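*Asks:*
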Amino acid sequence: MNETIGLILLIVGVSFDVIGCIGLVRLPDIYNRLQAATKCVTLGTCMILLSVLFYTGFNPIAIKALLCIWFVLMTSPTGAHAIARAAHRSGIRLWEKSVMDKYADDREGSEDKA
Amino acid sequence: MIVFISLLVLCVFLCLYRVGKGPTAPDRTVAIDILGTLVVGFCAIYSIITKKDLYMNIGISWALLSFIGTLALAKYLEGRGFDE
Amino acid sequence: MKRFVHFLLLLGIWLLLTWSLHWQEVLVGVVVALIADLLLGDIFPLNAVKILSPVRFFWFLVYTVTFFFYVIKANFDVAYRVLNINLPIKPGIVKVRTKLNTEMARTFLANSITLTPGTLSVDIVGDHIYVHWINISTDDPKQETEIIVERFEKLLERVFE
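Chains as they are written, first to last, in my numbering: chain A, 1 to 114; chain B, 1001 to 1084; chain C, 2001 to 2161.
Structure, rendered in structure tokens:
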């Protein structure tokens, strides 16, 4: 029973990983790539780590896997946030079909004043 | 298990494609960040196969170290564009 | 008091990682937790009195369940957009306002925004969060705030403030 749940979690997790990586290749600009890749790969890896709990039972391996889920959930969005901010500040514009960019508008306004 | 490992290897190659082609430096940084998270998944699958907690130790250290590496790269990219 | 709570948290994480109560492991854990607490205790933004209240734990549990529901929804959303041949995206950066004041609550809010459907937080300036939105559906700042921020703001207000 436990192995079945673990197997389902593994299948779903690995498919989300693959979808995230396809998004990383297909989407047009860095911000969209960050969205797809961060969301899908974070949840996919968390599901793989959770399946460790169902495969091995409750023992030191599972405890470490749970701690690792917590670390990944905390660090991955923060890393994405840092990259997005750094990309915008180093002057990379949005995709040409984007609708609006209020961040660039506000930043240009403040630079004009200074 | 071999199927899951091959699918993850496929993911790694997709990331490496983005590292090689990525038109700008932040694109490459994103791909490196995602590679770090994928390696944690590899470690988890290996610890299921071998039933040893050695691989989970590697996974935890890898998650934290790749986060610090991403932050350092982001800081570097930010400092290059504007003097703020 | 604050430092003592930090010390207990660090020691707890150490004991979970080693998963043994041999006296050598515990001794090393106590020493390492003391050193880390003395060196870095100042930069850890946590109020020791707040963490001990059971009402906050209850709301934190509610927050966790809501969070995972939205994370799974976000993944199916991304899968739909990526696997569609026409790439149905309409991206842009919008500006939303938050009422949260403490650093911890804002960190959790920004991380939740990043992992929920179609949004990615880019920067925080003052009270405003700049959010990259993959499929902009409205032009009105009030509605944007309603859609992006409010589903977590009420819960996080109860947990952290």
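No residue lacks a Cβ here, since even glycine has one placed at the ideal position from N, Cα and C.
No experiment lies behind these values; they were computed from the predicted model shown.
List the residues of chain B that residue 42 of chain A touches, going by C-beta distances under 9 angstroms, in chain order.
*Replies:* As a first step, residue 42 of chain A is located in the first sequence; it is residue number 42 there, counting from the start. 1037, listed in chain order.
*Asks:* List the residues of chain A that residue 1060 of chain B touches, going by C-beta distances under 7 angstroms, in chain order.
*Replies:* The residue labelled residue 1060 of chain B in the question sits at position 60 within the second sequence. Those are 64, 67, 68 and 71, listed as they occur along chain A.
*Asks:* Note down, in chain order, every chain C residue with its Cβ under 9 angstroms from the Cβ of residue 94 of chain A.
*Replies:* In the first sequence, the residue the question calls residue 94 of chain A occupies position 94. By Cβ distance, chain C contributes 2091, 2092, 2093 and 2132.
*Asks:* Is the beta carbon of residue 17 of chain A less than 8 angstroms from the beta carbon of residue 95 of chain A?
*Replies:* Within the first sequence, the letter at position 17 stands for residue 17 of chain A. Within the first sequence, the letter at position 95 stands for residue 95 of chain A. No, these two residues do not count as a Cβ contact at 8 angstroms.
*Asks:* Please report the distance separating the alpha-carbon of residue 113 of chain A from that of residue 106 of chain A.
*Replies:* In the first sequence, residue 113 of chain A corresponds to position 113, counting from 1. In the first sequence, residue 106 of chain A corresponds to position 106, counting from 1. Below a pLDDT of 50, predicted positions are generally treated as unreliable, and residue 113 of chain A, at 43, falls in that range; no measurement from the model is reported.
*Asks:* Give every residue of the same chain whose Cβ lies closer than 6 angstroms to the Cβ of residue 2132 of chain C, excluding the five residues on either side of it in the sequence, and list them in chain order.
*Replies:* For this step, residue 2132 of chain C is matched to residue 132 along the third sequence. Hits under 6 angstroms: 2093, 2120 and 2122.
*Asks:* Report the partner residues of residue 101 of chain A according to the DSSP bridge assignment.
*Replies:* The residue given as residue 101 of chain A occupies position 101 in the first sequence. In DSSP, residue 101 of chain A forms a bridge with C:2093.
*Asks:* What residues are listed by DSSP as bridge partners for residue 78 of chain A?
*Replies:* Residue mapping note: residue 78 of chain A aligns to position 78 of the first sequence, counting from 1. Bridge partners of residue 78 of chain A: none, in fact.
*Asks:* Whose CA, out of C:2142, C:2107, C:2040 and C:2012, lies closest to the CA of residue 2030 of chain C?
*Replies:* Residue mapping note: residue 2030 of chain C aligns to position 30 of the third sequence, counting from 1. Of the listed residues, the one whose Cα sits closest to residue 2030 of chain C is C:2012.
*Asks:* By the 10 Å Cβ neighbour count, where 16 or more other Cβ atoms means buried, how is residue 19 of chain A classified, buried or exposed?
*Replies:* Taking the first sequence and counting its residues from 1, one reaches residue 19 of chain A at position 19. Buried: at least 16 other Cβ atoms inside 10 Å.
*Asks:* Which word fits residue 2064 of chain C, buried or exposed, when buried means at least 16 other C-beta atoms lie within 10 angstroms of its C-beta?
*Replies:* By one-based count along the third sequence, residue 2064 of chain C stands at place 64. The residue is exposed, with fewer than 16 neighbouring Cβ atoms inside 10 Å.
*Asks:* Does residue 1041 of chain B get closer than 8 angstroms to chain A when you measure Cβ to Cβ?
*Replies:* Position 41 of the second sequence, counting from 1, holds the residue named residue 1041 of chain B. At least one chain A Cβ lies under 8 angstroms of residue 1041 of chain B.
*Asks:* Which chain B residues sit within Cβ distance under 8 angstroms of residue 104 of chain A?
*Replies:* Here residue 104 of chain A corresponds to residue number 104 of the first sequence, with the count starting at 1. What residue 104 of chain A touches in chain B: nothing, since even the nearest Cβ is about 13 angstroms away.
*Asks:* Can you tell which of A:21, A:7 and A:10 has its C-alpha closest to the C-alpha of residue 2082 of chain C?
*Replies:* Position 82 of the third sequence, counted from the start, is the residue given in the question as residue 2082 of chain C. Comparing Cα-Cα distances from residue 2082 of chain C to each of A:21, A:7 and A:10, the minimum goes to A:21.
*Asks:* Who are the Cβ neighbours of residue 1026 of chain B in its own chain at under 7 angstroms, not counting the five residues just before and after it?
*Replies:* If you number the second sequence from 1, residue 1026 of chain B lands on position 26. These residues qualify, in order along the chain: 1077.
*Asks:* Taking just the CA atoms, how far does residue 1061 of chain B sit from residue 2008 of chain C?
*Replies:* Taking the first residue of the third sequence as 1, we reach residue 2008 of chain C at position 8. Taking the first residue of the second sequence as 1, we reach residue 1061 of chain B at position 61. Their backbone Cα atoms lie some 22 angstroms apart in a straight line.
*Asks:* What's the gap between the Cα of residue 1021 of chain B and the Cα of residue 1028 of chain B?
*Replies:* Position 21 of the second sequence, counted from the first residue, corresponds to residue 1021 of chain B. Position 28 of the second sequence, counted from the first residue, corresponds to residue 1028 of chain B. When rounded, the distance between both Cα atoms is 8 angstroms.
*Asks:* So, with DSSP's three-state summary, where would you put residue 2059 of chain C?
*Replies:* Within the third sequence, residue 2059 of chain C is the residue found at index 59, counting from 1. In the structure shown, residue 2059 of chain C sits in a helix (DSSP, three-state: H, G or I).
*Asks:* If we cut at 8 angstroms on Cβ distances, does residue 112 of chain A have a partner in chain B?
*Replies:* As a first step, residue 112 of chain A must be located in the first sequence, where it is residue number 112. Per-residue confidence for residue 112 of chain A stands at a pLDDT of 49, beneath the threshold of 50, marking its modelled position as unreliable; no derived number is given.
*Asks:* Which residues mark the beginning and the end of the alpha helix (DSSP H) in which residue 15 of chain A is found?
*Replies:* Residue mapping note: residue 15 of chain A aligns to position 15 of the first sequence, counting from 1. Note, residue 15 of chain A: alpha helix (DSSP H), 2-26.
*Asks:* Is the CB-CB distance between residue 1038 of chain B and residue 41 of chain A below 8 angstroms?
*Replies:* Translated into the one-based positions of the second sequence, residue 1038 of chain B becomes position 38. Translated into the one-based positions of the first sequence, residue 41 of chain A becomes position 41. Closer than 8 angstroms, so yes.
*Asks:* Residue 2113 of chain C: which of A:91, A:25, A:78 and A:72 sits nearest, CA to CA?
*Replies:* For this step, residue 2113 of chain C is matched to residue 113 along the third sequence. Closest by alpha carbon: A:78.
*Asks:* By a C-beta neighbour count over all protein chains shown, 10 Å radius and 16 as the cutoff for buried, is residue 80 of chain A buried or exposed?
*Replies:* By 1-based counting over the first sequence, the position of residue 80 of chain A is 80. Per the 10 Å Cβ criterion, buried.
*Asks:* Could you give the distance in angstroms between the alpha-carbon of residue 90 of chain A and the alpha-carbon of residue 84 of chain A?
*Replies:* Residue numbering aside, residue 90 of chain A sits at position 90 when the first sequence is read from its first letter. Residue numbering aside, residue 84 of chain A sits at position 84 when the first sequence is read from its first letter. The alpha-carbon atoms of residue 90 of chain A and residue 84 of chain A are separated by roughly 10 angstroms.
*Asks:* Is it buried or exposed, residue 2016 of chain C, if we count other Cβ atoms within 10 angstroms and call 16 or more buried?
*Replies:* If you number the third sequence from 1, residue 2016 of chain C lands on position 16. Exposed: under 16 other Cβ atoms inside 10 Å.
*Asks:* Give the range of the beta strand (DSSP E) segment to which residue 2121 of chain C is assigned.
*Replies:* Here the question's residue 2121 of chain C lines up with position 121 in the third sequence. Its beta strand (DSSP E) spans residues 2119-2125.
*Asks:* Could you work out which residues of chain A lie near residue 2079 of chain C, taking near to mean beta carbons separated by less than 8 angstroms?
*Replies:* Counting from one through the third sequence, the residue named residue 2079 of chain C turns up at place 79. Going along chain A in sequence order, the residues near residue 2079 of chain C (Cβ under 8 angstroms) are 16, 19 and 40.
*Asks:* Counting only beta-carbon atoms, is residue 1081 of chain B nearer than 8 angstroms to chain A?
*Replies:* As a first step, residue 1081 of chain B is located in the second sequence; it is residue number 81 there, counting from the start. Low local confidence applies: a pLDDT of 47 at residue 1081 of chain B is under 50, so the model's placement there is unreliable, with the coordinate-based value given in what follows. Judged by the 8 angstroms Cβ criterion, residue 1081 of chain B is in contact with chain A.
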